[in-house]
Each structure stands twice: as C-alpha cells, then as structure tokens.
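**Student:**
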Amino acid sequence: ESVVFLKNRAKVEEEYSRSLQKVVLNTLKTMDRTHARDNSHQATWQRLVEVHETMAANRMKFSITLSEMSDDLSSYVKEKEKIRRQLKETEMRYQKSIEDIEAALDKASSQNCTGRMLCQSARKR
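Our numbering puts the first residue of the sequence shown at 9, with every later residue one more than the last.
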C-alpha cells in the first residue's frame with residue numbers, strides 16, 4: 009500500500025510541477041511580448057513568476073524524492089519477503105528432520121524392546 013501511495017503521489021507532484029512550469033514559461037513569453045507601462049509592476053510580476061518557477065523546480069525534486077522512497081521501500085519489502093520465504097523453507101526442513109529423527113528413534117526403540125523380549129524369554133528357558 010505504501011509503495012503504491014508514494015508512486016502515485018510522485019506522479020501527481022511531477023504532473024503538477026510540469027503544469028506549473030508550463031504556466032511560468034507561457035507567462036514569461038507573454039511578458040516578453042507585452043511591455044508593461046509600469047516598471048515597478050513589471051518587476052513585481054517578474055519576481056512572482058520567478059517564485060513560481062522555483063516552486064515548480066522544488067515540486068519536481070519532491071517528486072523525485074518520493075519516487076526514490078517508493079523504490080527503496082519496494083526493495084526493502086521484496087528483501088524481507090525473500091528472507092521470510094527462506095526462513096519458512098528452513099523451518100520446514102528442520103521440522104522434517106525432527107520428524108525423521110523421531111521416527112528413527114521410535115523404530116530403534118521398538119527393535120530394542122523386541123530384542124530384549126526375545127533375550128528375556130530365552131533366558132527363562
């Protein structure tokens with residue numbers, strides 16, 4: 009769930025960043041074509057557009073960070089799943105070994121008991 013959320017969030021941030029960057033570029037083109045009458049207004053507007061350009065760049069960095077986090081988390085989950093499977097297989101092997109040893113012990117005890125009975129009955133005769 010977390011991996012999917014981070015991937016989707018990264019996509020949203022990337023799309024937002026690209027859209028904001030397009031708006032900034034279009035605004036800058038429009039500003040170049042139209043010369044404002046008031047220079048202080050033009051400077052303020054220019055600064056506002058630059059701030060949004062910085063915001064777009066920061067959103068893109070955030071998108072990349074989210075994507076990397078998602079990849080790292082995915083790798084972590086896969087590695088833990090691999091270890092869990094290995095432990096499960098090891099447990100099954102040990103459990104089978106225990107069952108085999110118990111069966112061999114039961115068989116040996118049974119043979120030993122049968123052998124003792126034969127020995128005891130031979131001594132009584």
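For every residue, glycine included, the Cβ atom is placed at its ideal position computed from N, Cα and C.
Taking 6 angstroms as the limit between beta carbons, can you name the residues of its chain near Val75, skipping five residues before and five after?
**Tutor:** Within the sequence shown, residue 75 is the residue found at index 67, counting from 1. Looking at the sequence itself, residue 75 is Ser, so the reference to Val does not match. Taking C-beta separations shorter than 6 angstroms and ignoring five residues to either side along the sequence, the partners of Ser75 in its chain run Ala18, following chain order.
**Student:** On a Cα-Cα basis, can you pick out the residue from Met77, Met39, Gln29, Asp79 that is closest to Val59?
**Tutor:** Numbered from 1 along the sequence shown, position 51 holds the residue referred to as residue 59. Residue Gln29 is the option with its Cα nearest to Val59.
**Student:** Consult DSSP for Glu9 and reduce its assignment to one of helix, strand or coil.
**Tutor:** Mapped onto the sequence shown, residue 9 falls at position 1. In this structure, Glu9 counts as coil in the three-state DSSP scheme.
**Student:** For Glu21, count neighbouring Cβ atoms within 10 angstroms of its own Cβ and tell me buried if that reaches 16, exposed if not.
**Tutor:** Your numbering for residue 21 matches position 13 in the sequence shown. That one is buried.
**Student:** Taking C-beta to C-beta, are Leu14 and Met77 nearer than 9 angstroms?
**Tutor:** Counted from its first residue, the sequence shown places residue 14 at position 6. Counted from its first residue, the sequence shown places residue 77 at position 69. Cβ atoms of Leu14 and Met77: closer than 9 angstroms.
**Student:** Would you decide whether Val32 is buried or exposed? Buried here means 16 or more other CB atoms lie within 10 Å of its CB.
**Tutor:** The sequence position of residue 32 within the sequence shown is 24, counting from 1. Val32 comes out buried.
**Student:** If you draw a straight line from the C-alpha of Lys88 to the C-alpha of Ser10, how long is it?
**Tutor:** Looking up residue 88 in the sequence shown gives position 80. Looking up residue 10 in the sequence shown gives position 2. In a straight line, the C-alpha of Lys88 is about 15 angstroms away from that of Ser10.
**Student:** How big is the Cα-Cα spacing for Arg55 and Tyr84?
**Tutor:** Taking the sequence shown and counting its residues from 1, the one referred to as residue 55 is at position 47. Taking the sequence shown and counting its residues from 1, the one referred to as residue 84 is at position 76. Taking the straight line from one Cα to the other gives about 43 angstroms.
**Student:** Give the single residue among Lys37, Gln50, Glu61 whose Cα lies nearest to the Cα of Ser27.
**Tutor:** Your numbering for residue 27 matches position 19 in the sequence shown. The residue with the shortest Cα to Cα distance from Ser27 is Glu61.
**Student:** Leu95 to Arg101, Cα distance in whole Å?
**Tutor:** In the sequence shown, residue 95 corresponds to position 87, counting from 1. In the sequence shown, residue 101 corresponds to position 93, counting from 1. So the alpha carbons of these two residues sit roughly 10 angstroms apart.
**Student:** Using the C-alpha atoms, what's the distance from Val12 back to Phe86?
**Tutor:** In the sequence shown, counting from the first residue as 1, residue 86 sits at position 78. In the sequence shown, counting from the first residue as 1, residue 12 sits at position 4. One point to set straight first is that residue 86 is Lys, not Phe, in the sequence displayed. Their Cα atoms are separated by approximately 14 angstroms.
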